[in-house]
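Engineer: Chains as they are written, first to last, in my numbering: chain X, 991 to 1502; chain F, 5 to 198.
Idealized CB from N, CA, C, for every residue including glycine.
(1) Which runs of the alpha helix (DSSP H) at least 4 residues long sit entirely within the segment 1387 to 1439 of chain X? Give them in chain order.
(2) Buried or exposed: which applies to residue 47/F, given that a residue is buried once 16 or more other Cβ atoms fall within 10 Å of its Cβ?
(3) Less than 7 Å between C-beta atoms, sequence neighbours within five positions excluded: which residues of the same chain meet that for residue 1228/X?
(4) Could you tell me whether any Cβ in chain X is nearer than 7 Å to the Cβ of residue 209/F?
(5) Put residue 1177/X into one of helix, strand or coil per three-state DSSP.
(6) Is residue 1170/X helix, strand or coil by DSSP?
(7) For a test of the three-state rule: what should DSSP assign to residue 1291/X, helix, strand or coil?
(8) Could you name the residues of the same chain whose beta carbon sits closer than 6 Å to that of residue 1422/X, not counting the 5 residues immediately before and after it, in chain order?
(9) Assign residue 152/F to one of three DSSP states: helix, strand, or coil.
(10) Looking only at C-alpha atoms, which of 1385/X, 1151/X, 995/X and 1137/X sits nearest to residue 1417/X?
(11) So which residues of chain X does residue 121/F contact, with C-beta pairs closer than 8 Å?
(12) Closest to residue 1123/X by CA distance: which of 1037/X, 1336/X, 1296/X and 993/X is it?
(13) From the beta carbon of residue 1398/X, is the nearest beta carbon of chain F less than 7 Å away?
(14) Are the Cβ atoms of residue 932/X and residue 1325/X separated by less than 7 Å?
(15) Pull the bridge partners of residue 31/F from the DSSP assignment, please.
(16) Between the Cα of residue 1139/X and those of 1401/X, 1017/X and 1426/X, spot the shortest distance and give me the residue it belongs to.
(17) Using 7 Å as the threshold, is the C-beta distance between residue 1359/X and residue 1013/X below it?
(18) Is it buried or exposed for residue 178/F, if we count other Cβ within 10 angstroms and need 16 for buried?
(19) Take the Cβ of residue 13/F as the centre, count every other Cβ of all protein chains shown within 10 Å, and call the residue buried at 16 or more, exposed below.
(20) Pull up the distance between the alpha-carbon of residue 1361/X and that of residue 1101/X, whole angstroms please.
(21) Quick check: the Cα distance between residue 1265/X and residue 1032/X, rounded to an integer number of angstroms?
(22) Quick one: grab the DSSP three-state call for residue 1504/X.
(23) Using a Cβ-Cβ distance under 7 Å, would residue 1124/X count as near chain F?
(24) Is the beta carbon of residue 1313/X sitting closer than 7 Å to the one on residue 1334/X?
(25) Run through the DSSP bridge pairs and tell me what residue 50/F is partnered with.
(26) Does the Cβ-Cβ distance between residue 1349/X and residue 1244/X come in under 7 Å?
(27) If I measure Cβ to Cβ from residue 1261/X and keep anything under 6 Å in the same chain, skipping five residues before and after, which residues do I get?
(28) Here's the rule I'm using: 16 or more other beta-carbon atoms within 10 Å means buried, otherwise exposed. How should residue 1103/X be labelled?
(29) Can you check whether the CB of residue 1170/X is closer than 7 Å to the CB of residue 1028/X?
(30) Pick from 1190/X, 1352/X and 1061/X: whose alpha carbon is nearest that of residue 1364/X?
(31) With a CB to CB cut of under 8 Å and the five nearest residues on each side skipped, what residues in its chain are close to residue 141/F?
(32) Mark residue 103/F as exposed unless 16 or more other C-beta atoms lie within 10 angstroms of its C-beta, in which case mark it buried.
(33) Can you check whether the C-beta of residue 139/F is within less than 7 Å of a C-beta belonging to chain X?
(34) Should the segment 998 to 1009 of chain X be called in touch with the segment 1285 to 1301 of chain X, which here means at least 3 C-beta pairs below 8 Å?
(35) Does the beta carbon of residue 134/F sit closer than 7 Å to a beta carbon anywhere in chain X?
(36) Could you have a look at residue 1317/X and say whether DSSP puts it in helix, strand or coil?
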């Protein structure tokens, strides 16, 4: 069976070692604010040349799972999320620390993450083959519709202004048009520069948007890293284990949130961050006593943590079955596949089924390993917060520059990285959605080729293009996703008597 | 949502900053002008069978048209918000800010550090080709450490050495990536080193 053979593959010494290395890197990057799993995964891309696609993906899955877990640790303890999805955990995790329940918060967080990851993997194993049967019938119009759904998802589910999120999508799609047109081969927006004929690669852009922009942001706004001392860290329990009573109390929360997270993760463009916040919000709304949340309710820790790891597994579904990345991390994994001559989608399962099996195995085994390593190494991880910003920021920038150069040995990629770093800094400052920008860049070619070739398939008949059942259904869903939040917001504001325009432009924004 | 008092006296709701009202208007105007410019001059930037049905200009033209619409909406919203903020401030609304429970900063930020960081990165990338990886990396490391406030001399000396060694080991030996060797004298230096 695919799943069992995948587990067997991952527990081989070499694969297991690489998974463990990925987990350690992910725990480090997830703990330190300013670094993110996306940065870590992007910097691992050059290693795929040496490791091969399968091993590189296993390592990246380790990073992905570990950052999803580690992001909440500093969030709960110091109200300082290492990764943006940790902000959902901080809402109840930090108050729990304030009540002297730091160990309880961390242990629940790490355990809920692991259980979420396992549930998410099982769902992925069960659902992916079913979806594959449907995916085999997809043509260009369906791929166009899915790309639009992904972009609508990320725009509508990003907190903040919908107008700005849509603008971010459009800018990302426009950047993707630079270079030779995939359909006709014509040069677009090259400004007479030969280097631009190959287009803007999204991996240097991602490194710029996440690593460089974050460092620039910290240079401008300051950083709390290095604030904490060893004395602060020693207050945290050396080994944190959850109690059976707590596990019993949150069992349905974890199950519910894992299912929700997995479903959200499967939607192109949604991602772990949105899954974490949605799960938290759902838990509050379905609770018999919602007022407990935000004051140290343990379900408020379990819900986002189980959701985000389950979403990580779910996000592999569109990548593996359709070759459509659902977010930045899966976009990078798509890049690794392509660099190694592989193409995700139905052919991946047909020609190299062992890779899909290894991915299942890596998620399952990785979730358990993150649980063990996380519970045992909390204090060690938190010591990272005592490292001076000067050292880790310099090292991150050096790795970003050299790692970017190592991809294709092109100076252009370095300038793209720097340019995207500056763009990312201003995007954060003016609360534009970086996730939407990146997804536009990643899905731009898929959307354009899907539309242009799709019109060719329907022989220029636009009506037929848009009325194919799956295409129509997906586009309608995309429209509903875009319109519904604004409608709900307008209705709510009208009831409360506040301005829609004001809120729509300046609602609090989650950092991408 | 708790507000916090910023050093410059502006109140900032926790988690994000308020901007001076007309900054967003300027940003929106820049977007609108940019999108209009590229849309109206698209034929200067797209070559090939431009103008034909579903030609290479079809998709950029569609995106730019959508972008113009969105930028216009953004501009209107930005103006509305800026005026509201102005009248809000003129009315003197809002009491003293509560200081939110936020961790103190270990590393202070400033516009000069931002500009310096950008310039140093740009210089590093520019110098990689002419002087090679090792000198460029060492210079950047020292300059950036000084920029972010590192003053321990042994760190400023040791860090570049360690960083260059680690990077050379990982990228040239493990990944067999060829790093820039520079030109002239620097080629000789690089060849001696790796």
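Structural biologist: According to the data block:
(1) Qualifying alpha helix (DSSP H) stretches, in chain order: 1401 to 1419.
(2) Exposed is the call here.
(3) 1369
(4) There is no way to answer for residue 209/F, as the model of chain F reaches only from 5 to 198.
(5) Here residue 1177/X sits in strand by DSSP.
(6) DSSP places residue 1170/X in strand when its eight states are reduced to three.
(7) Secondary structure of residue 1291/X (DSSP, three-state): helix.
(8) 1154 and 1158
(9) coil
(10) 1151/X
(11) 1205, 1206 and 1209
(12) 1336/X
(13) no
(14) The requested residue 932/X is not part of the displayed model; chain X covers only 991 to 1502.
(15) Beta bridge pairing from DSSP links residue 31/F with no other residue.
(16) 1426/X
(17) Yes, these two residues count as a Cβ contact at 7 Å.
(18) exposed
(19) For residue 13/F, the pLDDT reaches just 39, beneath the cut-off of 50, and the residue's location in the model is therefore unreliable, leaving the point undetermined.
(20) 6 Å
(21) 22 Å
(22) This structure leaves residue 1504/X out entirely; chain X is present only between 991 and 1502.
(23) False, the Cβ-Cβ gap to chain F never drops below 7 Å.
(24) yes
(25) 1178/X
(26) no
(27) Counting only Cβ-Cβ distances below 6 Å, and skipping sequence neighbours, we find 1317.
(28) buried
(29) no
(30) Here the closest residue by C-alpha is 1061/X.
(31) Taken in chain order, the residues that qualify are 128, 164, 167, 168 and 171.
(32) Confidence at residue 103/F is low in this model, with a pLDDT of 45, below 50, so the placement of that residue should be treated as unreliable; the coordinate-derived value is given next. Exposed, because fewer than 16 other Cβ atoms sit within 10 Å of the Cβ of residue 103/F.
(33) Closer than 7 Å: no.
(34) no
(35) Cβ-Cβ to chain X under 7 Å: no for residue 134/F.
(36) Per DSSP, reduced to three states, the secondary structure at residue 1317/X is coil, with no helix or strand assignment.
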